[in-house]
Structure formats: structure tokens, C-alpha cells
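To start, the structure under review is shown below, and the notes come after it.
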Amino acid sequence: MTNIRIKGGRLVDPANGLDVRKDVYISQAEVAAIGDAPADFHVDRTVDASGLIVCPGLVDVAARLREPGHEYRATLESEAVAAVAGGITSLACPPDTDPPLDEPGLVEMLKYRARSLNLVQVYPVGALTQGLEGRKLTEMSELADAGCVAFSQGDAPLPDARVLLRTMQYAATIGYPVWLRPQDPSLASGGVAHDGEVATRLGLRTIPVVAETAAVSTILLLVRETGARVHLCRLSSADAIDMVRQAKSLGLNVSCDVSANHVHLCEMDIAYFDSNCHLIPPLRSQRDRDAIRAGLADGTIDAICSDHTPLDDDDKQLPFAEAQPGATGLELLLPLTLKWANEAGVSLVQAIGCLTSAPARLLGLSVGRLDVGARADLCIFDPALRWQVDSSRLRSQGHNTPFSGLELEGKALYTIVGGHIVYE
Amino acid sequence: MNRDPQIDSNGKLVHLLSIEGIPRDTLIGILDTARSFVSVTEREIKKVPLLRGKSVFNLFFEPSTRTHTTFEIAAKRLSADVINLNVGSSSQSKGETLLDTVANLSAMHADMFVVRHSQSGAANLIASNVAPNIHVINAGDGSHAHPTQALLDIFTIRHYKKEFAGLRVAIVGDILHSRVARSQIHALTTLGVSEVRVIAPATLLPSHLSKMGVQVFRNMAEGLRDVDVVIMLRLQNERMNGELLPSAQEYFKNYGLTPEKLANARPDAIVMHPGPMNRGVEIDSSVADGRQSVILPQVTFGIAVRMAVMSILAGQS
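Protein sequences appear in the order of chains W and Z.
Read in order, the letters of the first sequence are residues 1 to 424 in the working numbering.
Read in order, the letters of the second sequence are residues 425 to 741 in the working numbering.
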């Protein structure tokens, strides 16, 4: 174990409300001190962080690692390397692998494989129903013992409201949250784009806003009924955000996140059938995007995630509707969040909070904060470093990004996991 | 893909993928060129050597009779070599991707692809991935666009009505699924007709049509009042009864073009249909075959318009 001194950086730790210029000392995988060096601290390595931001390692609540089942698209290793290059030290992966994460053995294997890489910490989200088929409950307690932090359907539909009710009751019984991406499967059936101006023009089949709001409405009523803890994933519409804002003001136990893609893009970005803009949920109107940004600023939306979905060229080089939905995102999460904060005039503490303390709270983990004596997961980034997104140079095996060519500011320079510098 | 792939950096039309984005002057230029080809098609020797030595590949991923045939005739009258591929029945069913099929055909030195595909955006995808000397003509992609159909429709309107300004045009039927309607709307609004109306039940209308510069009518008699041009759209069999419409009979009652409904239009109004027609579903035979119908001339003009498009694109090589 090396003793590391991080010198001269601006320390931003939203969980502790810190934004100060202080050194950080790391020893034995833990944060040894903040400010002055502990007595007898022998520095093995000094990281000069002057001009840089030192913050807790980022926590991403949705990143697909493609194992098991889709290794030709990406592997745990390729994506773990991409994650730490993006400053991410903890991530939750949805259960929509092949087979889905509905068996404790699969979860244990994934955890084991991730641990042996010694890069990013992986927290699987277990399948809510067996095979994600929306009919039978999974062994949630067993899955939780194996390491699942929450339960979800991923993007698979759960059309039966009674099963949904039961999953909430059961998850609440064992004390785990249910994560749901709200979308009524019948109203969304066959759709690939927002029911708006662009889909009208391009002749694409649509997913109307009501597919999201009808589902949010059902879920909120069931939350009131069951008292379950529910997290709403990837909200896309102004109306759904309004519903969550109101539910929160009534004291309902709900939280929500958005993907970094939806903070910046809208239906117009599809332009001439750009399949990199084929996302789930669909990119909606400019008004919806503005509402997402406002919802983040006022705290209605808890966290920003990458919704990382690495795909290969063959998945995307197809007519828009046939192309696989999703975008690679691990390496863009930080700069896209900083871009929003800059444009919206939101403080760095608040913006970093959407990537650290808030997602950690959703996961029920003590990560995403810098406490003396706690595990040392850190991200050190240059907020002013300008770089241009070149999809072919991303470390992720998936080069599918709608942001190719965009100039961004901010890049992780060092990522520390468990006291080790795993990226620099 | 944030630039219109059919127009190059010098503003020249290098593919024909959609009417949207094509300037008015270019549209008029195509119509003028087509007019000169009408006389060719009426001559005894119906050939000109403009595309001699060029290979035109008709790439139909979806069945079509009329469009396929008229493209073939148009290419042959321009002296091109025409290769017909019904891809739906070969490569694609063997799992080859669309772009692999196109790459293979490009290796056979194709000069032009005429593409029909069931997916919106398929022609755009091909155009964005072919070598710069290859031209792509969209012969219909999903519900997106059917630009040569719209061009022959405006050619027909111009032939009978002379000027576009001051015209009221009504498009009736399944707008939601219609690539023809979308292309017609772009063409008519670009050419500055005074009013484009669409007439359909709410189940057959896309949500944001008014953004395309049209007036929406649910009632056919109101929608047809004083129009100069009535364009009927084909209603696909599979949509006649189900969640969109209760029955072909009820559709005909409300939206079928009968002499009584047509009487709301101007007395000199023309009636058009892109074909193939469903007599007794969207149009009454007495109207389809009546004095105001210009449905057969549309087909004839279609050849001249497709010759014009092919020769203009080939001229940009």
C-alpha cells in the first residue's frame, strides 16, 4: 500500500458540504486525513492537484457491462477501464444481461469477476421478476445476499399491475428498493421516437409522453398503497417530472434519475435518422429537455447517470427503427454534467452531488463521499481541460455516441479506487 | 448526420431522398426537365442516350409493381443498363445486412440505386454509406418519403392548373402511415400553394401535422369545400378493421370520395390517387373513372419525372 498525498486541489465533497482548498492523505486504502497530514505520515507519492478538482469517485446508477451474454459488444474489463477513465469508481448495472440477473450464482460471478479486475466497484441490480418476464418474483433475499442493491426490470415491460404491486410489497418486506423505468408497454408498443414534430416528419413510430405518465401515475398510486421505496429510472418528460415533484412534496418515498444524454439532447438531434440518437426512453421535445434541466436544478431529479449501453457498429448501422437503442456514456458522464452545470449556473457542489452523494444514497451505500477513515475512492479532474469527443478513441468497446465531434470541458486525470491509483 | 445527405456542400442535389429541404427552384427545375421528357415518351423511338453505359440497380426490399416498373422504363428510356433485384426474397432473408448488400452491389460498379424499403430512413442510410459517385433515389421508405411520387403529383397539378399560387389542395386518408402524403405536403408547401389540407380521422393522423404547415380537417365535406385538387390516399387492407378503423364500409361512408362529396370541391377540381386504388373503400368508381379524374395521366407523367430525376442526378457526377 502506498501513502498518497493529493496536494493543492480544490476539494469538493457534496455529502459533507465541502468546497475548500485542502490536501487529502490516503493510506491503507482509506482516507487518512483531510487538511493537515496525520502524524508520522510518510508520503510515497504526491499527486499535484493544483488547478484540479478533488472529489469522491463518481457513482453511476446505470451502466451496462454486457456480461454475461453480450461479450461481443463489450466485456466487464473493457467497460471497467472506461468507467475509471471517466472518474467513475462505483456503478450499478441493470439486470438485463443474457441470462438476466435473476439467480444468486450469476450475481456472485459478476461480483467476483469485477472484484478480480480491481477497477470499478460493481453493484448489480437484481431482476425483479424471473427472466424479467414480469410474472414471478425472484428470490430477492438470496439475490440481496449475493450482492444486489436493488431490484428492477431493466427496460423489460411489466404489464401486469398486480404483479407490480406484489413485487413492491415483497421488496418492501425485505427492505430493498424497486427501480422502475416507467413506460406503459401497450402505449409504447412498436414506437422508436417521441410522438412529436420530428417523428411526424420522418414517419417514425412513436412513444407518446402518456406512455411514461400513465406508468408513473400507476407506480405512484402503488407506492402510496404499499409504502414501498421506488426509484424511477430515466425520466424523459416534463409531465412525469411534474408528477414526481408533486409526489415528493406530498412526502412520498420516491426518487428519480435521468441520463446525461437527455440533459443535452432532444428529438431535433435525430436530424436525418441519426441512429446514435435512438435511445430509451426516446429523446423528447425541447420543452421536455428544459424541464429535465429545471428538475435537476431544483432537486426533483436526484441523480444523473450515464445509462451506458455499449453497442457495436452492426447494431447501429441500420435503419433508425431497426438499430439497437442506447449510447455509450461512461467517459462522458462527468463532462456532460459539468456542461449542464455551466450552462444552468448550478454550483459545482450541486452538480457533483448529482454524480456522487445522491446516487450513493439511491444505492444505499456509503460510497460517494470523503470521510476520514472511510474507503478512499476519488476522482481528480481538470474542470477546464477542453477536449473533443472522438468516438473511435473512447475506451469503451462501444463507440456509439450521439456526441461525437462535440467539444467538452472537464476530464478525469486520476481515479483512485480503494487507495490505488487505477487511472491516470 | 446533421446535414441533409442529399445536398452536397455546393448545394447540388446528389441523391433524391426526400422533398424536404429541396429548394423551390430545384423542384421547378426538375418539373421543367420532366416536361421535356414527356415529348420523348410520346415519340416513336422512346430513347435518349443520357445514361448510356450507366448501371441502375433497382433495389426493392419491399414489393412494388407500379413504382418498380416506371423506374425501370425511365432508366431504359435513358439508355441505362437496368438490374432488378428483389432483395426481400434473397440476401436479406439470408441475414445479410442492408449495408452489406449495398456494398456488394457497389463493387459491381453501380452508378445509381433506386431503393424501396419498409423502414423509414433506409434510403438515407444507404446514401450516407455509398461512394461519392453513386446516386441514391428513394423509391419509398417506410412512412417517411416517396419523393418521385410527390414530384409526379406536382407535375400533374402544374399540367392541369398551370400555377401553384392560389391553389387549395386536399389530401385525404391514411396520413399517419403515408410516405406519399409527407412528400406531397413538403412539395406543395415549398411551391407555395395557398392552402394544404389533410382530411382523416384522428386515428390516421400523426400528432404534429400542423407543424408541417397544413390545416387538419376531420369532416370530409368541410375539408373539400372549394378545393382545386383532391388527392386520395390508399388505405392498406390491414388497417381497415382493427384499432384504427372499425370497417372499410364505415371508412367509405365518412372518407370515401363519392360524387356527392366531390361536389363540395370547385367544379374544375382534379382528382388524383397514387395507386393502387381500392375502389369502394377510398374512392367510388364513378369518381375514379370520371371526368375530373387524372389518375392515369399521373402514371404517364411518372415516367417522365423519373427520367428527369435520374438524368439530373447523373449529370452531377
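The beta carbon of each residue, even a glycine, is placed where N, CA and C say it ideally should be.
The model shown is predicted, which means the values in this text are computed figures rather than measured ones.
Endpoints, alpha helix (DSSP H) assigned at residue i
i	result
H632 of chain Z	Here H632 of chain Z belongs to no alpha helix (DSSP H), and DSSP marks it neither H nor E.
F495 of chain Z	R490 to R501
T450 of chain Z	R448 to E466
T226 of chain W	V209 to T226
H610 of chain Z	R603 to L615
A712 of chain Z	S709 to A712
R361 of chain W	S357 to L363
L76 of chain W	L76 to A85
P104 of chain W	P104 to L117
Alpha-carbon spacing of residue i relative to residue j, whole angstroms
i	j	result
I636 of chain Z	R205 of chain W	Reading off the sequence, residue 636 of chain Z comes out as Met, not Ile. Their backbone Cα atoms lie some 17 Å apart in a straight line.
G714 of chain Z	V462 of chain Z	24 Å
Q350 of chain W	E619 of chain Z	51 Å
E322 of chain W	Q543 of chain Z	8 Å
R166 of chain W	V254 of chain W	17 Å
L318 of chain W	V20 of chain W	49 Å
A297 of chain W	L235 of chain W	15 Å
Q608 of chain Z	L615 of chain Z	10 Å
S735 of chain Z	I719 of chain Z	25 Å
Q430 of chain Z	I561 of chain Z	9 Å
V651 of chain Z	E133 of chain W	53 Å
W179 of chain W	N400 of chain W	25 Å
E684 of chain Z	P700 of chain Z	23 Å
T465 of chain Z	E674 of chain Z	41 Å
R289 of chain W	G345 of chain W	16 Å
A199 of chain W	I352 of chain W	35 Å
V107 of chain W	A574 of chain Z	56 Å
S366 of chain W	Q388 of chain W	34 Å
L65 of chain W	L474 of chain Z	55 Å
I34 of chain W	K22 of chain W	7 Å
R229 of chain W	Q660 of chain Z	47 Å
Reduced DSSP secondary structure (H/G/I, E/B, other) of residue i
i	result
K411 of chain W	strand
A569 of chain Z	strand
C277 of chain W	helix
M701 of chain Z	coil
G726 of chain Z	helix
D505 of chain Z	strand
L137 of chain W	strand
A39 of chain W	coil
N482 of chain Z	strand
M532 of chain Z	coil
Q317 of chain W	coil
I270 of chain W	helix
A193 of chain W	strand
Y72 of chain W	coil
P182 of chain W	coil
Q388 of chain W	strand
Counterpart residues of residue i in DSSP-defined beta bridges
i	result
I53 of chain W	W:R10 and W:F381
D19 of chain W	W:V12
V593 of chain Z	Z:V620 and Z:V653
S542 of chain Z	In the DSSP output, where bridge partners are listed per residue, S542 of chain Z has none listed.
E30 of chain W	W:S27 and W:R375
I425 of chain W	A query on residue 425 of chain W cannot be resolved here, the shown segment of chain W reaching from 1 to 424 and no further.
S259 of chain W	W:C305
R690 of chain Z	Note: R690 of chain Z sits in no beta bridge, so no partner.
V554 of chain Z	According to DSSP, which records beta bridges pairwise, V554 of chain Z is partnered with nothing at all.
R715 of chain Z	The partner list for R715 of chain Z (beta bridge, DSSP) is empty, contrary to what the question assumes.
D60 of chain W	W:L91
A327 of chain W	W:H308
P124 of chain W	W:C93
Residue range of the unbroken beta strand (DSSP E) whose run includes residue i
i	result
T46 of chain W	R45 to D48
S152 of chain W	A150 to S152
I469 of chain Z	Taken as a continuous stretch (DSSP letters only), I469 of chain Z belongs to no beta strand (DSSP E), as it is neither H nor E.
D397 of chain W	In the sequence under discussion, the amino acid at residue 397 of chain W is Gln, which differs from the Asp named in the question. Looking at the DSSP string, Q397 of chain W is not in any beta strand (DSSP E), and its letter there is neither H nor E.
Selection of the region 256–287 of chain W by Cβ proximity to chain Z, strictly under 7 Å: A271, Y272, F273 and D274
Contact set between the region 397–411 of chain W and chain Z, restricted to residues whose Cβ is under 7 Å from the partner: none
Contact residues within the region 543–577 of chain Z, judged by C-beta distance below 7 Å to chain A: Among the chains of the structure shown, chain A does not appear; the protein chains present are W and Z.
Contacting positions in the region 312–329 of chain W - beta carbon closer than 8 Å to chain Z: D314, Q317, L318, P319, F320, A321 and E322
Chain W contacts made by the region 614–642 of chain Z, where a contact means CB separation under 8 Å: P630, S631, H632, L633, K635 and M636
Near-chain Z residues of the region 194–218 of chain W (beta-carbon distance less than 9 Å), N- to C-terminal order: D195, G196, E197, V198, A199, T200, R201, L202, G203, L204, R205, T206 and P208
Residues within the region 652–682 of chain Z neighbouring chain W, beta-carbon criterion of under 9 Å: none
Contact residues within the region 689–718 of chain Z, judged by C-beta distance below 9 Å to chain W: none
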